[in-house]
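Below: one structure, written as structure tokens.
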Amino acid sequence: MGEISREMSVHFYHKFIKGVTHADVVDSLKDIEMETSVISIQITEERCVITCKDIETKHALMVKGLDIKNRNVQLLDVEKTVTNVTIKDAPYELRDEVIVTFMSQFGQVVPSSVKRGTIKGTEIENGTRYLNIIGCAPTLPLRAKIGRFDIRIFANNKRTPCFRCGESDHPSYKCPRVGMKVCHVCKGTDHLAKECPEKRQLICYYCNESGHIQRNCPMRDVDVYGEYAAEVREGREANDAESTENNVTPQKPEKVNEKMVKTAVVLGASNVRRLNINDDESIVDASISGATLHNIRQTIDKALDEIEKNESNIEKVIVSLGTNDVSQNKLDSEQVILNFTAAINEVKAEFPNAEIGVCGIIPRKGRNERVKNFNSVAESVNRFALKMCAKDDACTYIDTPAAFTRQGKIASEFYDPNDQSGLHVSKTGAEKLKDKFYEFY
Numbered sequence: 001m002g003e004i005s006r007e008m009s010v011h012f013y014h015k016f017i018k019g020v021t022h023a024d025v026v027d028s029l030k031d032i033e034m035e036t037s038v039i040s041i042q043i044t045e046e047r048c049v050i051t052c053k054d055i056e057t058k059h060a061l062m063v064k065g066l067d068i069k070n071r072n073v074q075l076l077d078v079e080k081t082v083t084n085v086t087i088k089d090a091p092y093e094l095r096d097e098v099i100v101t102f103m104s105q106f107g108q109v110v111p112s113s114v115k116r117g118t119i120k121g122t123e124i125e126n127g128t129r130y131l132n133i134i135g136c137a138p139t140l141p142l143r144a145k146i147g148r149f150d151i152r153i154f155a156n157n158k159r160t161p162c163f164r165c166g167e168s169d170h171p172s173y174k175c176p177r178v179g180m181k182v183c184h185v186c187k188g189t190d191h192l193a194k195e196c197p198e199k200r201q202l203i204c205y206y207c208n209e210s211g212h213i214q215r216n217c218p219m220r221d222v223d224v225y226g227e228y229a230a231e232v233r234e235g236r237e238a239n240d241a242e243s244t245e246n247n248v249t250p251q252k253p254e255k256v257n258e259k260m261v262k263t264a265v266v267l268g269a270s271n272v273r274r275l276n277i278n279d280d281e282s283i284v285d286a287s288i289s290g291a292t293l294h295n296i297r298q299t300i301d302k303a304l305d306e307i308e309k310n311e312s313n314i315e316k317v318i319v320s321l322g323t324n325d326v327s328q329n330k331l332d333s334e335q336v337i338l339n340f341t342a343a344i345n346e347v348k349a350e351f352p353n354a355e356i357g358v359c360g361i362i363p364r365k366g367r368n369e370r371v372k373n374f375n376s377v378a379e380s381v382n383r384f385a386l387k388m389c390a391k392d393d394a395c396t397y398i399d400t401p402a403a404f405t406r407q408g409k410i411a412s413e414f415y416d417p418n419d420q421s422g423l424h425v426s427k428t429g430a431e432k433l434k435d436k437f438y439e440f441y
């Protein structure tokens, strides 16, 4: 027998609601005028399963829930595993919407499932949030950052690893390594972290390889300087050698220690890294090669670290992402638009007083069918972005695609001739992109 689909069914566990009957469920459905849209109610030892006539009713029940015996019950998809997540140390002021957006990267957060923990016997909150995730990722991080705030994450279904050994089949207090000598750098059991032979090994934070630091990273040089990477490295090595030989400390001007206050942030991917806008002391370039709208948190965290270091007052934020989302989501425009909406909301939450410039996705160079499909999806997302910006006073649409076309056709000279993907800009294209950015500044 083939698998039976239960796509019209939802359920809830009645463990904490004693004596639930069919009549209780029917009365609750009548209260929201949905009893005629249900074709089955089954109560088992652990849960109550409700089967609906159509998908609209199912979704409505999942959003509204039911009030049974003076308790609001959240209904869940019967075919998907639900993971209960507890978040510790989230500031009281951090809105639930921001929590939901952040946790959406690990699965589908159940609507209206976010609850705030309180001190027993009072209405005073204790900094704990509770939520449910459907189709949760196999492993959740023990610690994470939402903006500049550190949080701790715990979950059932063996989703959070033990901080002592990294395994997820037991909680940390039951770890067999309790009381053992454990190195938190390499997880070895024969030494402590301060004695670890790997501790002093140079690690590059750009490519995560050992043996060099970020400043000397070959991959970073290629991403930033392109065809000039070899010349830049040669000049850097010559300067380092010269500075080593020269022991004379030059006289510095009085104003050398004055810092330019940074007022703008750019969140982008590899194309933005080709602009060298970090030469402008008023701009925080938080671009990361391979970045997407879906993982915009990485670029935001990078920006916040720089902002905090320079005590900056950010007035404008440019979001130049989406190209990698189109490729990674198999040309699914609806998914890219969902990623786009969540990303912009997250940026607005982190920079509430800033004007946000939303860049359109530049077209891809090429003539094959896949390139045409890519550009079609990009145009669809750009139209959505334009409409959204027209309705949102905090956002301005930056028409970057227009800079890469001439009389309706893609201008090939603005694309890197050595890039077979047709996605990356040339030096001339980088200047075009930079001009669009400065128009917004």
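In full-length UniProt numbering, the protein residues as written are 1 to 441. Backbone N, C-alpha and C define an ideal beta-carbon position, used for all residues, glycine too. The structure displayed is predicted, hence computed values, not measured ones.
Item to check | Residue nearest to T128 in terms of C-alpha spacing, selected from Y92, R297 and E56 | outcome: Position 128 of the sequence shown, counting from 1, holds the residue named residue 128. Per the Cα distances, Y92.
Checklist entry - With 16 other CB atoms within 10 Å as the buried threshold, where does L76 fall? => result The sequence position of residue 76 within the sequence shown is 76, counting from 1. Looking at its Cβ environment, which holds 16 or more other Cβ atoms inside 10 Å, L76 is buried.
Checklist entry - Does DSSP classify Y92 as helix, strand or coil? => result Looking up residue 92 in the sequence shown gives position 92. Secondary structure of Y92 (DSSP, three-state): coil.
Item to check | Chain-order list of residues whose beta-carbon lies under 6 Å from that of F154 (same chain, five-residue window excluded) | outcome: In the sequence shown, counting from the first residue as 1, residue 154 sits at position 154. Once the five neighbours on either side are set aside, the close Cβ partners of F154 are T86 and T160.
Checklist entry - Going by alpha carbons, who is nearest to Q105 out of Q407, Q298, E45 and E431? => result Position 105 of the sequence shown, counting from 1, holds the residue named residue 105. Nearest Cα to Q105 within the set Q407, Q298, E45 and E431: Q298.
Checklist entry - In this structure, does DSSP put Q108 in helix, strand or coil? => result In the sequence shown, residue 108 corresponds to position 108, counting from 1. Under the three-state reduction of DSSP output, Q108 falls in the strand class.
Item to check | Cβ contact (3+ pairs, closer than 8 Å) linking the region 123–137 and the region 51–66 | outcome: In short, these stretches do not touch, since the Cβ pair count stays below three.
Checklist entry - Excluding the five sequence neighbours on either side, which residues of its own chain have a C-beta within less than 8 Å of the C-beta of D435, listed in chain order? => result In the sequence shown, residue 435 corresponds to position 435, counting from 1. The residues are A403.
Item to check | Three-state secondary structure (DSSP) of F16 | outcome: Here the question's residue 16 lines up with position 16 in the sequence shown. Three-state DSSP puts F16 in coil, outside helix and strand.
Next on the checklist: Please report the straight-line C-alpha distance between S40 and N132, rounded to a whole angstrom.
Outcome noted: Residue numbering aside, residue 40 sits at position 40 when the sequence shown is read from its first letter. Residue numbering aside, residue 132 sits at position 132 when the sequence shown is read from its first letter. When rounded, the distance between both Cα atoms is 25 Å.
Item to check | Closest by C-alpha distance to V38, when choosing among R406, I134 and T51 | outcome: The residue you call residue 38 lines up with position 38 of the sequence shown. Nearest of R406, I134 and T51 to V38, Cα basis: T51.
Item to check | Through-space distance from E79 to Q407, alpha-carbon basis | outcome: As a position in the sequence shown, residue 407 is number 407, starting the count at 1. As a position in the sequence shown, residue 79 is number 79, starting the count at 1. When the Cα atoms are used, Q407 and E79 turn out to be separated by approximately 51 Å.
Next on the checklist: Runs of 3 residues minimum, wholly inside the region 345–415: which ones carry the beta strand (DSSP E) assignment?
Outcome noted: Listed in chain order, the complete beta strand (DSSP E) runs (minimum 3 residues) inside the region 345–415 are 355–359 and 395–398.
Checklist entry - Roughly how many whole angstroms lie between the Cα atoms of E35 and L61? => result Against the sequence shown, residue 35 aligns to sequence position 35. Against the sequence shown, residue 61 aligns to sequence position 61. For E35 and L61, the distance between alpha carbons rounds to 11 Å.
Item to check | Where the alpha helix (DSSP H) through V26 begins and ends | outcome: Along the sequence shown, one-based indexing puts residue 26 at 26. First-last of the alpha helix (DSSP H) with V26: H22 to D31.
Item to check | Sequence-distant residues of its chain with Cβ nearer than 6 Å to A343 (five each side left out) | outcome: As a working mapping, residue 343 is identified with position 343 in the sequence shown. Excluding positions up to five away in sequence, the list reads L293 and I296.
Checklist entry - For the candidate residues G117, E33, G366 and S168, whose alpha-carbon lies nearest to that of L140? => result In the sequence shown, residue 140 corresponds to position 140, counting from 1. When G117, E33, G366 and S168 are compared, the shortest CA-CA separation from L140 is found for S168.
Item to check | According to DSSP, residues forming a beta bridge with residue 461 | outcome: Beyond the ends of the chain as shown, which are 1 and 441, falls residue 461; an answer cannot be given.
Checklist entry - Whose C-alpha, out of T122, G117, D89 and C136, is nearest the C-alpha of V109? => result Locating residue 109 in the sequence shown gives position 109, counting from the first residue. Checking every option, the nearest Cα to that of V109 belongs to C136.
Item to check | Where T244 falls: helix, strand or coil (DSSP) | outcome: Taking the first residue of the sequence shown as 1, we reach residue 244 at position 244. Residue confidence is low: T244 scores 45 on pLDDT, short of 50, so the model does not pin down where it sits. Its coordinate-derived value is still stated next. In the structure shown, T244 falls within a helical segment according to DSSP collapsed to helix, strand and coil.
Checklist entry - Once you ignore the five residues that flank S412 on each side, which residues in its own chain have a CB closer than 7 Å to its CB? => result Here residue 412 corresponds to residue number 412 of the sequence shown, with the count starting at 1. Counting only Cβ-Cβ distances below 7 Å, and skipping sequence neighbours, we find K365.
Item to check | L304 versus G147: straight-line alpha-carbon distance, rounded | outcome: The residue labelled residue 304 in the question sits at position 304 within the sequence shown. The residue labelled residue 147 in the question sits at position 147 within the sequence shown. Here the C-alpha atom of L304 lies approximately 7 Å from the C-alpha atom of G147.
Checklist entry - Any idea what DSSP makes of Y130, helix, strand or coil? => result Residue 130 sits at position 130 when you count from the first residue of the sequence shown. If DSSP states are grouped into helix, strand and coil, Y130 belongs with the strands.
Next on the checklist: Which residue marks the beginning of the beta strand (DSSP E) containing S168, and which one marks its end?
Outcome noted: Counting from 1 along the sequence shown, the entry for residue 168 is found at position 168. Careful: S168 lies outside any beta strand (DSSP E) and carries neither H nor E.
Checklist entry - What's the C-alpha gap between C165 and S320? => result Here residue 165 corresponds to residue number 165 of the sequence shown, with the count starting at 1. Here residue 320 corresponds to residue number 320 of the sequence shown, with the count starting at 1. Each residue's Cα considered, the two are about 39 Å apart.
Checklist entry - Going straight from the alpha carbon of T400 to that of I134, what length do you get? => result If you number the sequence shown from 1, residue 400 lands on position 400. If you number the sequence shown from 1, residue 134 lands on position 134. A direct Cα-to-Cα measurement between T400 and I134 gives close to 37 Å.
Checklist entry - What are the uninterrupted segments assigned as alpha helix (DSSP H) that are 4 or more residues long and contained completely in the region 270–296, given in chain order? => result List check, alpha helix (DSSP H) in window: 270–273.
Item to check | Three-way DSSP call (helix, strand, coil) for I68 in this model | outcome: Walking along the sequence shown from the start, residue 68 turns up at place 68. Looking at I68 - three-state DSSP - the assignment turns out to be strand.
Next on the checklist: Tell me the rounded alpha-carbon separation between F440 and K348.
Outcome noted: Start at 1 with the first residue of the sequence shown, and residue 440 comes out as number 440. Start at 1 with the first residue of the sequence shown, and residue 348 comes out as number 348. Rounded to whole angstroms, F440 to K348 spans 17 Å at the Cα level.
Item to check | Where N313 falls, given that 16 or more other Cβ within 10 Å makes a residue buried | outcome: As a first step, residue 313 must be located in the sequence shown, where it is residue number 313. N313 comes out exposed.
Checklist entry - What's the gap between the Cα of L386 and the Cα of N418? => result Taking the sequence shown and counting its residues from 1, the one referred to as residue 386 is at position 386. Taking the sequence shown and counting its residues from 1, the one referred to as residue 418 is at position 418. Near 32 Å, if we compare the C-alpha coordinates of N418 and L386.
Item to check | Span of the alpha helix (DSSP H) around S327 | outcome: Counting from one through the sequence shown, the residue named residue 327 turns up at place 327. Run containing S327: T323 to Q328, per the alpha helix (DSSP H) assignment.
Item to check | Straight-line Cα distance separating F437 from I398 | outcome: Looking up residue 398 in the sequence shown gives position 398. Looking up residue 437 in the sequence shown gives position 437. Distance between the alpha carbons of I398 and F437: 8 Å.
Next on the checklist: Looking at the secondary structure, which residues open and close the beta strand (DSSP E) in which G117 lies?
Outcome noted: Here residue 117 is taken as the residue at index 117 of the sequence shown, counted from 1. In the DSSP annotation of this structure, the continuous segment of the beta strand (DSSP E) that includes G117 starts and ends at K115 to T118.
Item to check | Contact set for residue 450: own chain, Cβ-Cβ below 7 Å, skip 5 residues either direction | outcome: Because residue 450 is not part of the residues shown, which for the chain are 1 to 441, the question remains open.
Item to check | Host beta strand (DSSP E) of G268 (start-end) | outcome: Numbered from its first residue, the sequence shown carries residue 268 at position 268. Per DSSP, the continuous beta strand (DSSP E) segment holding G268 begins and ends at A264 to G268.
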